[in-house]
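Numbered according to this note's numbering, the sequence shown spans residues 61 to 503.
Beta carbons: idealized from backbone N, C-alpha and C, even for Gly.
Since the structure comes first, as structure tokens, the remarks are kept for the end.
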Amino acid sequence: MTTREGSLEPPKRHPLDWENPEFYDEPKLFNEMERVFDICHGCRRCVNLCTAFPRLFDLIDEGSTAELDGVEKQKYWEVADQCYLCDMCFMTKCPYVPPHPWNVDFPHLMLRAKAVKYEKGETGFRDKLLSSTDLVGKVASVPGVAQTVNAVNKNPAARKLMDNLLGIHAERKLPDYDSRKFRANARINTAHEVRAGAKTPGKVAIYATCYVNYNEPGIGHDLLKILDHNEIPACLVEKEACCGMPKLELGDLAAVKELKEKNIPPLARLAREGYAILTAVPSCTLMYKQELPLMFQVDDDVQAVADAMFDPFEYLTLRKRDGLLKTDFKQPLGKVSYHIPCHLRVQNLGQKTREMLQSIPGTQVTVVERCSGHDGTWGVKTEYFANSMKIGKPVFRQMAAPGPDYISSDCAIAARHIEQGMGETKAQKQHPLTLMRIAYGIG
61 MTTREGSLEP PKRHPLDWEN PEFYDEPKLF NEMERVFDIC HGCRRCVNLC TAFPRLFDLI
121 DEGSTAELDG VEKQKYWEVA DQCYLCDMCF MTKCPYVPPH PWNVDFPHLM LRAKAVKYEK
181 GETGFRDKLL SSTDLVGKVA SVPGVAQTVN AVNKNPAARK LMDNLLGIHA ERKLPDYDSR
241 KFRANARINT AHEVRAGAKT PGKVAIYATC YVNYNEPGIG HDLLKILDHN EIPACLVEKE
301 ACCGMPKLEL GDLAAVKELK EKNIPPLARL AREGYAILTA VPSCTLMYKQ ELPLMFQVDD
361 DVQAVADAMF DPFEYLTLRK RDGLLKTDFK QPLGKVSYHI PCHLRVQNLG QKTREMLQSI
421 PGTQVTVVER CSGHDGTWGV KTEYFANSMK IGKPVFRQMA APGPDYISSD CAIAARHIEQ
481 GMGETKAQKQ HPLTLMRIAY GIG
């Protein structure tokens with residue numbers, strides 16, 4: 061019997077069997093890692109994606125046999141630590157992903173490894189702290205506290221201390237915290253008539269996300285202004301917590317379940333009432349569209365939320381196709397270097413943000429479709445900072461090449477990382493929603 065080389069069928073993920081005790085069995089994990097790593101060794105197509113695969117191949121090449129059997133299994137953890145679950149190998153490179161019979165899902169295997177490590181109690185305080193985005197945001201954005209935190213994060217001596225004590229790299233530029241949180245200051249207009257289209261619900265609920273709520277509330281305000289300009293009634297999700305993506309990437313799957321039980325009931329009610337649910341952070345959208353449905357496959361509420369969840373530009377572009385989006389753009393944007401983040405690419409939506417920005421008269425969009433290397437918290441950590449900058453180098457170069465007026469990414473964290481990597485530039489960093497608000501001429 062011959063096993064075919066590669067697959068012509070679209071990738072299809074299997075449910076994540078995370079509640080099965082065997083999921084956390086370390087010898088069984090190592091057996092599966094050995095099986096998959098040996099396939100990767102024979103292929104090596106993913107060597108240029110990140111640092112996980114180069115680390116694996118270096119371990120093999122430097123081993124006693126130059127094959128996988130020459131690598132100590134305890135060194136497999138070095139590969140897992142380099143993976144930040146961008147999903148690019150699964151979506152764009154690997155020819156052996158399911159439904160291929162070899163069934164290679166490298167990111168979810170690395171997620172399993174992180175979960176085993178977490179269950180063994182080997183996850184440190186720093187990683188747990190950085191993944192508690194909602195808790196840290198609530199504390200750091202308190203009036204008076206926010207100014208102090210922001211000052212400390214910009215102080216070289218304080219940053220050196222953070223590097224030495226916590227392992228947060230002294231050179232990583234960190235986002236400011238804003239004491240005027242989005243949810244507390246959002247201006248909602250519910251008075252517009254509900255006009256559903258063939259492809260889009262006619263009313264929107266905003267899931268703010270930790271980052272928009274505590275760090276860049278302007279992104280959320282700009283989304284509301286765009287919706288108001290287009291006479292789309294909107295509301296905020298009644299109650300929300302972190303989506304759970306940082307805890308997923310940490311391997312703390314029990315915490316993901318706790319957050320799911322807080323978030324899904326109010327979101328499911330909105331979904332069943334006919335709302336489109338919009339999030340302005342691709343990782344959060346991905347969490348609800350893909351990861352939670354794979355973790356909780358028999359939960360009807362989770363599936364209802366997944367069906368109602370939209371990336372903002374997915375919704376706006378479909379709204380345009382329904383003939384229900386205004387195109388009265390007043391302000392050209394000039395040259396825009398636009399980066400598509402990994403967690404948006406893996407949603408398989410097409411380039412909706414690019415499509416919308418290119419429809420603005422007097423706007424030239426250069427698209428960079430490559431991982432920036434930051435991830436949520438990975439590029440903040442001392443031991444990975446240099447690798448995050450190395451992975452991002454081609455992106456920094458491509459974003460700078462056109463001499464843009466704006467640099468932009470749907471992932472605000474990636475945009476900040478790119479801005480740091482580019483160095484001195486005349487270009488302004490703005491979120492795509494802000495660019496659309498500017499193009500509309502809304503103050």
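Do residue 378 and residue 347 count as a contact pair if the criterion is CB distance below 9 Å? Here residue 347 is taken as the residue at index 287 of the sequence shown, counted from 1. Here residue 378 is taken as the residue at index 318 of the sequence shown, counted from 1. One thing to note: residue 347 has its Cβ no nearer than 9 Å to the Cβ of residue 378.
Could you check which residue in 447, 396, 405 and 409 has the C-alpha nearest to that of residue 422? Reading the sequence shown from its first residue, position 362 is the one you call residue 422. Among 447, 396, 405 and 409, the Cα nearest to that of residue 422 belongs to 396.
Under the three-state DSSP convention, the category residue 102 falls into: Walking along the sequence shown from the start, residue 102 turns up at place 42. Looking at residue 102 - three-state DSSP - the assignment turns out to be helix.
Using the three-state DSSP reduction, which class does residue 295 fall into: helix, strand or coil? Along the sequence shown, one-based indexing puts residue 295 at 235. Reduced to three states, the DSSP call for residue 295 is strand.
Might you give, ordered along the chain, the residues of its own chain that have their beta carbon closer than 6 Å to the beta carbon of residue 193, omitting 5 neighbours on each side? One-based indexing of the sequence shown puts residue 193 at position 133. Excluding positions up to five away in sequence, the list reads 270, 302 and 306.
Residue 338 - containing alpha helix (DSSP H), residue span: Here residue 338 is taken as the residue at index 278 of the sequence shown, counted from 1. Membership of residue 338 in any alpha helix (DSSP H) is not indicated; the residue belongs instead to the beta strand (DSSP E) covering 336-339.
Quick one: using the 10 Å Cβ neighbour count with 16 as the cut-off for buried, is residue 120 buried or exposed? Locating residue 120 in the sequence shown gives position 60, counting from the first residue. By the neighbour-count definition (other C-beta atoms within 10 Å, threshold 16), residue 120 is a buried residue.
If you draw a straight line from the C-alpha of residue 381 to the C-alpha of residue 260, how long is it? Along the sequence shown, one-based indexing puts residue 381 at 321. Along the sequence shown, one-based indexing puts residue 260 at 200. About 9 Å.
Curious, which full-length beta strand (DSSP E) runs of at least 3 residues does the stretch 301-383 contain? Segments of the beta strand (DSSP E) lying fully in the stretch 301-383: 336-339.
Quick one: is residue 74 buried, meaning 16 or more other Cβ sit within 10 Å of its Cβ, or exposed? Start at 1 with the first residue of the sequence shown, and residue 74 comes out as number 14. Residue 74 counts as exposed, since fewer than 16 other beta carbons sit within 10 angstroms of its beta carbon.
Which residue marks the beginning of the alpha helix (DSSP H) containing residue 413, and which one marks its end? Taking the first residue of the sequence shown as 1, we reach residue 413 at position 353. Residue range 412-418 is occupied by the alpha helix (DSSP H) that includes residue 413.
Roughly how many angstroms separate the alpha carbons of residue 344 and residue 304, rounded to a whole number? Stepping through the sequence shown from its first residue, residue 344 is reached at position 284. Stepping through the sequence shown from its first residue, residue 304 is reached at position 244. Pairing residue 344 with residue 304, the inter-Cα distance amounts to about 8 Å.
What does the alpha-carbon distance come out to for the pair residue 488 and residue 89? To locate residue 488, count along the sequence shown from 1; it is residue 428. To locate residue 89, count along the sequence shown from 1; it is residue 29. Rounded to whole angstroms, the gap between the alpha carbons of residue 488 and residue 89 is 46 Å.
Beta-carbon spacing of residue 310, residue 174 below 9 Å: Within the sequence shown, the letter at position 250 stands for residue 310. Within the sequence shown, the letter at position 114 stands for residue 174. It is a contact, given that the beta carbons lie within the stated cut-off.
Relative to the C-alpha of residue 429, which candidate in 352, 452, 186 and 300 has its C-alpha closest? As a working note, residue 429 is residue 369 in the sequence shown. Among 352, 452, 186 and 300, the Cα nearest to that of residue 429 belongs to 452.
Under the three-state DSSP convention, the category residue 448 falls into: Within the sequence shown, residue 448 is the residue found at index 388, counting from 1. DSSP, read as helix, strand or coil, puts residue 448 in helix.
Tell me which same chain residues have a C-beta within less than 6 Å of the C-beta of residue 436, skipping the five on either side of it? The residue you call residue 436 lines up with position 376 of the sequence shown. Contacts found: 306.
Count the other CB atoms, across all protein chains shown, that sit within 10 Å of the CB of residue 141; report buried if there are 16 or more and exposed otherwise. Walking along the sequence shown from the start, residue 141 turns up at place 81. Residue environment: residue 141 is assigned as buried (16 or more neighbouring CB atoms within 10 Å of its CB, all protein chains considered).
Paired residues, beta bridge with residue 267 - DSSP: Along the sequence shown, read from residue 1 onward, the residue named residue 267 stands at position 207. Within the DSSP secondary-structure output, residue 267 pairs in a beta bridge with 339.
Provide the residue(s) that pair with residue 489 in DSSP beta bridges, ordered along the chain. Here residue 489 corresponds to residue number 429 of the sequence shown, with the count starting at 1. According to DSSP, which records beta bridges pairwise, residue 489 is partnered with 467.
Is the CB-CB distance between residue 40 and residue 268 below 9 Å? Nothing about residue 40 can be read from this structure; the chain reaches only from 61 to 503.
Taking DSSP as the reference, what is the three-state secondary structure of residue 424? In the sequence shown, counting from the first residue as 1, residue 424 sits at position 364. Of the three classes helix, strand and coil, the one that applies to residue 424 here is strand, per DSSP.
Starting from residue 196, trace the beta strand (DSSP E) in both directions and tell me its first and last residue. Translated into the one-based positions of the sequence shown, residue 196 becomes position 136. Looking at the DSSP string, residue 196 is not in any beta strand (DSSP E); the run it does join, the alpha helix (DSSP H), is 193-200.
For residue 401 versus residue 342, is the C-beta distance shorter than 9 Å? Along the sequence shown, read from residue 1 onward, the residue named residue 401 stands at position 341. Along the sequence shown, read from residue 1 onward, the residue named residue 342 stands at position 282. In this structure, residue 401 sits near residue 342, with a CB-CB distance shorter than 9 Å.
Quick one: what's got a C-beta closer than 8 Å to residue 177's C-beta in the same chain, skipping five residues either side? Position 117 of the sequence shown holds residue 177. In chain order, 137, 140, 183 and 311 place their CB closer than 8 Å to the CB of residue 177, counting only its own chain and leaving out the 5 sequence neighbours on each side.
Near residue 426, which residues of its chain fall below 6 Å by C-beta distance, leaving aside the five closest residues on each side in sequence? The residue labelled residue 426 in the question sits at position 366 within the sequence shown. Here the set comprises 397 and 462.
Determine the direct distance from the alpha carbon of residue 124 to that of residue 103, and round the result to whole angstroms. Start at 1 with the first residue of the sequence shown, and residue 103 comes out as number 43. Start at 1 with the first residue of the sequence shown, and residue 124 comes out as number 64. In a straight line, the C-alpha of residue 103 is about 20 Å away from that of residue 124.
CB-CB under 8 Å to residue 433, same chain, minus the five flanking residues each way: which ones, in chain order? The residue given as residue 433 occupies position 373 in the sequence shown. Here the set comprises 110, 439, 447, 448, 449, 450, 451, 452, 455 and 477.
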